[in-house]
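Read the structure below first, then the notes.
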DNA sequence: CTGAAAGCGCTTACAG
DNA sequence: CTGAAAGCGCTTACAG
């Protein structure tokens, strides 16, 4: 059973391959009689014709693939949901989102040169060399969910804003001596730095002392050690954690030290993972509008491709605090 | 800056495209002089030549892409790690693993016909139509991590074995009245069913009453309701949960009902997520050897492609109990 | 040992 | 309105 080609469709419907191509691609500027059109469409359907992506790509120099480069972060529910949403959004535009987990093994250049994607969506930072090469190869690159992105067209979740929101929430609760619990994973460094900067800025703005920074592993003992340090000297009464997992480690540390949340120390996380609700006390956290982020990213890519997309929704409601028992 | 082609390399190094192709592909049965060989390789390097995947695919009818179809499961750390591992393993063989999140929106047929992958790795069940069509198109399909897979070459994690291990662990602790906590997500049904069957079989074998089955949502109240039901009549003293998240919901339910683990009710999960350690009490769970599973799957695919791969490692150590405080 | 040529399946100027 | 033909970049029989 060899592949059905456009030539087969042409022969079967008694027209030329040109006509088949025009009909199937709805090529603008051509007017094919409705009868021919129908006949071609029916034949294609009947034969189970699927255009060869390889041939199309070779001919046009561009594919229907959007390459999504996912950096070597600790994967999490947030990124999974984001990719799910993106897959759906691109599919609606006839584009296939293919996900490549960049583990730093292979040069990215090789991959995108080989795949010739229509666009690249980089969820993490690209090397300057890669970015430059892609741009000069005319492949639109939409990048990075970080702040300070050099490309204004790019959507960026203001990471610092997330931490500011945490600090504001804690300050509103009357806390003055705050701590920031960072993850140890160096792959998250780019995010962590921005969040910390945001926390510092918010503290300064609110006239609070600088937050006491400490790395917390996902171990009870690590959480406990952080808590001990934070309680020494002028005692910390509230902790903003990088994410819900780190927050749960802090909560576990408090428990191990015989302290209570929020009475002794309040804790707030980020992400609103399902387990945040199950914690004891239930974890206050910052919810992120992943769907809005996905829409923004997809719109950026589509706009860069010249698709006529509605402008992305306003970004002001990108995240908000979910109040639970831990603060 | 237009694309560097093999013709450019040929011209620059003063040989024909045939020779370039032979050298670059290490085509067996040809012997090119070491001098020419070096010259071609150097030129290719210098020009930054990357073969066009599209042209190659068009010409040979097969690509270097392994398409990994990830069904619409609740994504989790396990699947993420698995895909990470697979990416690395295939990359080592010059194959790019591209992940497609199947959300049931688009017919899968369209996708694989278009991409012409070298092989398809289906992590979930395929429709019979898809499977048949792929096979008749000569695309090797390796599928499904479930038991009872019709294709013996396929690696399958014995799902029932995981539940059996949980039951055995609880029984060894002296528990006789057991419950099984299933997730509500219908997308997990295929797994859930097999696990439940495994739990039942183990109970029967050990002379225990049938486990009391109940669905538990990731909500404290849902866990509490389950606990109330389990404690009515002959009280359940131990719960095997579908995964760590469900186990944590049961733990939260116990807490809400004023019961203690493991004194009143023991709980065991599956997956050993980082948060299992942070729970109070720390959660006993079943650890799965994801790397071994990835190796198996990759080997199955490579073997189907005729690669000469070492036989996968024995599967007997695919999972084991991690004992913590909750049992 | 190396080269000229065909052809994979498509799209798109260019004629008719 | 539709068709014949070129060409995207590669690989691989087939000659030399």
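Residue numbers (the working numbering), protein chains in the order written: chain A, 626 to 952; chain B, 626 to 952. Where a beta carbon is used, it is the ideal one built from N, C-alpha and C, also for glycine. Treat the numbers as computed from the prediction; the structure is a model and nothing was measured.
Original post:
Mind listing which residues of the stretch 835-849 of chain B have their C-beta closer than 7 Å to chain A's C-betas, in chain order?
Top reply: 843, 844, 845
**OP:** With 7 Å as the C-beta to C-beta threshold (strictly closer), list the residues of the stretch 872-902 of chain B near chain A in chain order.
**Re:** 873, 874, 877, 880, 899, 900, 902
Original post:
Which residue from 905(B), 664(B), 844(B), 863(B) puts its Cα closest to that of residue 878(B)?
Top reply: 844(B)
Original post:
What separation, rounded to the nearest whole angstrom, lies between the Cα atoms of residue 902(B) and residue 946(B)?
Top reply: 14 Å
Original post:
To which residues does DSSP link residue 912(A) through a beta bridge?
Top reply: 945(A)
Original post:
Of all Cβ atoms in chain B, is any one closer than 8 Å to the Cβ of residue 934(A)?
Top reply: no
**OP:** Say whether the stretch 868-877 of chain A touches the stretch 890-898 of chain A, bearing in mind that this needs 3 or more beta-carbon pairs closer than 8 Å, one atom from each stretch.
**Re:** yes
**OP:** Would you mind stating whether residue 789(A) and residue 827(A) have Cβ atoms separated by less than 8 Å?
**Re:** yes
Subject >> Distance between residue 652(B) and residue 646(B) (C-alpha atoms, nearest Å) >> reply: 8 Å
**OP:** Out of 952(B), 795(B), 915(B), 934(B), point me to the one whose CA is closest to residue 908(B)'s CA.
**Re:** 952(B)
Original post:
What's the call for residue 944(A), buried or exposed, on a 16-neighbour Cβ count within 10 Å?
Top reply: buried
**OP:** Using a Cβ-Cβ cut-off of 8 Å, state whether residue 644(B) counts as contacting chain A.
**Re:** no
**OP:** Count the other C-beta atoms from every protein chain shown that fall within 10 angstroms of the C-beta of residue 761(A), then say buried if there are 16 or more, exposed otherwise.
**Re:** exposed
Original post:
Is residue 893(B) helix, strand or coil when you go by DSSP?
Top reply: strand
Original post:
Within this structure, are the beta carbons of residue 915(B) and residue 710(B) separated by less than 8 Å?
Top reply: yes
Original post:
Is any beta-carbon of chain A found at less than 8 Å from that of residue 725(B)?
Top reply: yes
Subject >> 8 Å Cβ cutoff, residue 709(A) in contact with chain B >> reply: yes
**OP:** Count the other C-beta atoms from every protein chain shown that fall within 10 angstroms of the C-beta of residue 719(B), then say buried if there are 16 or more, exposed otherwise.
**Re:** exposed
Original post:
How many angstroms separate the CA atom of residue 771(B) from the CA atom of residue 755(B)?
Top reply: With a pLDDT of 45 at residue 771(B), under the threshold of 50, the modelled position of that residue is not reliable, and the figure given next carries that caveat. Computed Cα separation, rounded: 18 Å.
Subject >> Uninterrupted alpha helix (DSSP H) stretches inside the stretch 780-855 of chain B (no shorter than 4 residues) >> reply: 784-797, 814-830
Subject >> Expected contact under 8 Å - CB spacing of residue 922(B) and residue 746(B) to nearest Å >> reply: 6 Å
Subject >> Inter-stretch contact at 8 Å, needing at least 3 Cβ pairs: the stretch 692-706 of chain A / the stretch 665-675 of chain A >> reply: no
Original post:
Taking one C-beta from the stretch 677-693 of chain B and one from the stretch 682-694 of chain A each time, how about it: are there three or more such pairs within less than 8 Å?
Top reply: yes
Original post:
With a cut-off of 8 Å, do at least 3 Cβ pairs link the stretch 816-827 of chain A to the stretch 844-860 of chain A?
Top reply: no
Subject >> Beta-ladder partner(s) of residue 666(B), from DSSP >> reply: DSSP lists no partner for residue 666(B).
Original post:
residue 740(B) CB to nearest chain A CB: under 8 Å?
Top reply: yes
Original post:
Can you tell me whether residue 896(B) is buried or exposed, with buried defined as 16 or more other CB within 10 angstroms of its CB?
Top reply: buried
Original post:
Where DSSP assigns a beta bridge to residue 768(A), which residues make up the other side?
Top reply: 747(A)
Original post:
Leaving out five residues before and five after residue 777(A) in sequence, what residues of the same chain have Cβ atoms less than 7 Å from its Cβ?
Top reply: Note that residue 777(A) scores a pLDDT of 40, beneath 50, so its modelled location is shaky and nothing firm can be said.
Original post:
So which residues on chain A does residue 870(B) lean against when the C-beta distance must stay under 7 Å?
Top reply: 899, 900
**OP:** Give the range of the beta strand (DSSP E) segment to which residue 866(B) is assigned.
**Re:** 863-866
**OP:** To the nearest angstrom, report how far apart residue 715(A) and residue 818(A) are at their CA atoms.
**Re:** 31 Å
Original post:
Would the beta-carbon of residue 736(B) fall within 8 Å of that of residue 721(A)?
Top reply: yes
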